[in-house]
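Colleague: Just so we're aligned: the sequence shown equals residues 538 to 907 in the working numbering.
Virtual Cβ for every residue (Gly too), placed ideally from N, Cα, C.
Source: prediction; values computed, not measured.
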Amino acid sequence: MKIRILFLMAVPAAVSLVQAQPFRLQSDRIGTCQAVYESWKAKDDKITEFAFPFSVVYPFGDKTKMYAVTAPAFSNLDTGEKFSLGGWSDLKIGGHSLVFDDKMLLTFGLNLPTGKHALTSEQVPVASVLAMPAFNFRVPTLGQGLDVQAGLNGAGEFGDFVVGYGATYLIKGPFQPFDGLEDSYNPGDEITFALGADRNAVLLGREMRLTADVLYTLYFPDTWGEEKVFQSGNRIWIQVMSTFKWNEKDVAVLIRERIKGKNKKNTGEVFDLERKNSNANQFEIQAYLYAPPKEDMQLYGTAEIRLYSKNDFGSGGATLFGPGCGIRKRTSPGMTLTGEARIYFGNLSTGTKSVSATGFKLSGGLEYLF
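Structure, rendered in structure tokens:
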């Protein structure tokens with residue numbers, strides 16, 4: 538159980554990149570590749586993305602595991618005028634290792650700037666829409682700078698609870714966001730503190746496992762050339778997950794809330810808090826219902842709710858609902874085929890009005906155990 542808590546807290550990025558893997562520290566060597574199609578339409582505007590993420594996870598001995606991930610993607614935006622953006626994404630490599638007599642977990646990672654940056658004026662509109670949090674694209678950005686990350690995490694038992702804790706420092710490297718500019722943009726470094734706990738419980742007459750995590754991130758100023766131009770407001774991330782049995786089916790429910798404080802901006806005279814808060818709270822609920830496996834095949838249903846509040850400027854709000862279904866089919870002892878389809882509908886706030894929005898996501902791929 539300590540291992541599970543540490544893994545959930547210390548390497549959330551690795552978990553999201555290899556979502557089909559169980560929540561455990563060590564695993565078999567595994568390779569995954571997918572094809573993902575996503576499409577969103579808001580009033581008369583439409584954006585689509587084809588992404589091809591693939592990853593490799595490789596354990597070295599009993600205490601260390603490494604991963605590598607990249608995802609080329611190709612996107613098109615139609616606002617009455619058509620724009621496109623495509624290419625390779627950055628290569629992310631990293632891992633984690635048990636240290637200090639297996640009492641602590643060391644995490645480490647690199648973002649190698651192999652992806653596309655220095656965008657042209659025709660590519661910038663696409664990148665701006667891909668980065669909108671409400672859409673949650675699989676590849677929201679293709680390239681940035683050289684990033685280095687390191688963290689240290691621990692865990693202990695306190696009564697019926699297993700409690701995990703840790704801290705991670707992320708060094709962000711400079712890159713050129715726009716084509717033709719000489720100065721590089723350098724995002725500020727980040728420090729994240731994490732605290733998590735889980736325990737068995739009985740709620741509404743049902744036995745379940747409860748996991749709760751809190752992450753607090755501090756952001757340092759961004760610089761352009763040698764001048765401070767922006768500093769993101771600090772963020773708190775709270776999530777609670779419950780897993781339990783319902784008849785013969787497995788159920789997982791995840792509730793997440795993200796809150797950010799005011800940003801700081803350079804107005805040309807001072808570097809101070811913005812007049813209004815441009816960060817909207819982001820509340821999400823995800824639920825999964827897994828049918829019992831049958832003949833090496835498992836079906837599941839899923840539903841997602843995204844409730845994003847408006848910021849003080851009246852934009853950033855979203856109300857979206859996304860039901861879906863998926864399948865996992867083992868075709869051989871080492872290979873599993875996966876597929877999932879989701880639809881989304883709701884509305885988005887653009888600052889002056891609310892517009893209806895619809896989305897569609899289709900993904901398929903395979904996992905291979907070496």
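1) Is it right to say F907 is buried, meaning 16 or more other beta carbons lie within 10 angstroms of its own, or is it exposed?
2) Is there contact here, the region 609 to 623 with the region 658 to 678, by at least three beta-carbon pairs under 8 Å?
3) Between Q776 and I792, which are expected to be in contact by the criterion C-beta below 8 Å, what is the C-beta distance as a whole number of angstroms?
4) What's the gap between the Cα of T889 and the Cα of F858?
5) Less than 8 Å between the CB atoms is what I'm expecting for S626 and P609, so what's the real figure, rounded?
6) Using 8 Å as the threshold, is the C-beta distance between A687 and T754 below it?
7) If you run the structure through DSSP and keep just helix, strand and coil, what is V790?
8) When DSSP labels each residue in this structure, what does P677 get in the three-state scheme?
9) What residue does the alpha helix (DSSP H) around V663 start on, and which one ends it?
10) Measure the alpha-carbon distance for H654 versus L752 and round it to whole angstroms.
11) Taking all protein chains shown into account, do 16 or more other C-beta atoms lie within 10 angstroms of the C-beta of K580, making it buried, or fewer, making it exposed?
12) P829: which of A840, V788, K802 and S869 sits nearest, CA to CA?
13) Tell me where the beta strand (DSSP E) around W774 begins and ends.
14) Would the beta-carbon of A855 fall within 8 Å of that of A671?
15) Taking the runs of the beta strand (DSSP E) that are 3 residues or longer, which of them lie wholly in the region 578 to 602?
16) With F698 as the anchor, note down where its beta strand (DSSP E) starts and where it stops.
17) Terminal residues of the continuous beta strand (DSSP E) containing K890?
18) According to DSSP, R879 sits in a beta bridge with which residue or residues?
19) Which of the three DSSP states is assigned to G851 in this structure?
20) Sort L844, G703 and L836 by Cα distance to E821 and report the nearest one.
21) Report yes or no: is there a C-beta of chain B within less than 8 Å of the C-beta of S634?
22) In three-state terms, what does DSSP make of E832?
23) My guess is that G896 and S576 are in contact by the Cβ rule of under 8 Å, so how many angstroms apart are they, rounded?
24) Identify which residue in I567, F674 and F597 has its Cα closest to the Cα of I584.
25) Let me check one thing: in DSSP terms, what residues is H654 bridge-paired to?
26) Please say whether G680 and F712 have beta carbons closer to each other than 8 Å?
27) According to DSSP, simplified to helix, strand and coil, what is V716?
28) Using the beta-carbon count (16 or more within 10 Å), is M872 buried or exposed?
29) Let me check understanding here. Comparing Cα to Cα, which of S852, R865, F781 and L642 lies closest to Y905?
30) Straight-line CA distance for D697 to N737?
31) Return the first residue and the last residue of the beta strand (DSSP E) that L741 is part of.
32) Considering only heavy atoms of the ligand GDP, does any lie closer than 7 Å to the CB of R843?
33) Cutting at 7 Å between CB atoms, please list the residues of its own chain near G762, excluding the five before and the five after it.
34) Count the other CB atoms, across all protein chains shown, that sit within 10 Å of the CB of P870; report buried if there are 16 or more and exposed otherwise.
35) I need the straight-line Cα distance from A692 to K600, nearest angstrom please.
36) If you follow the beta strand (DSSP E) that W761 is in, where does it begin and where does it stop?
Modeller: Reading from the atomic positions:
1) exposed
2) yes
3) Right, their Cβ atoms sit about 7 Å apart.
4) One Cα belongs to T889, the other to F858, and the distance between them is close to 22 Å.
5) Right, the Cβ-Cβ distance comes to about 6 Å (below 8 Å), so this counts as a contact.
6) no
7) strand
8) coil
9) V661 to L667
10) Rounded to the nearest whole angstrom, the C-alpha separation of H654 and L752 is 29 Å.
11) exposed
12) Restricting attention to A840, V788, K802 and S869, the CA atom closest to the CA of P829 is found in V788.
13) R772 to W783
14) yes
15) 582 to 588 and 591 to 597
16) F698 to I708
17) Unbroken run through K890: none, as it is neither H nor E.
18) G861 and K898
19) coil
20) L844
21) Checking the listed chains, one finds no chain B in this structure; it contains a single protein chain.
22) For E832, the secondary structure class from DSSP, reduced to helix, strand or coil, is coil.
23) 7 Å
24) F674
25) H654 pairs with nothing; no bridge assigned.
26) yes
27) The amino acid occupying residue 716 in the given sequence is Asp; Val does not appear at that position. In the three-state scheme derived from DSSP, where H, G and I count as helix and E and B as strand, D716 is classed as coil.
28) exposed
29) Closest option to Y905, Cα to Cα, is R865.
30) 8 Å
31) Neither: L741 is in no beta strand (DSSP E) and is coded neither H nor E.
32) For the structure depicted, the ligand GDP is absent and the ligand set is empty, with no information on it obtainable.
33) D720
34) By the C-beta density criterion, P870 is exposed, having fewer than 16 other C-beta atoms within 10 angstroms.
35) Their Cα atoms are separated by approximately 16 Å.
36) Unbroken beta strand (DSSP E) run through W761: D759 to W761.
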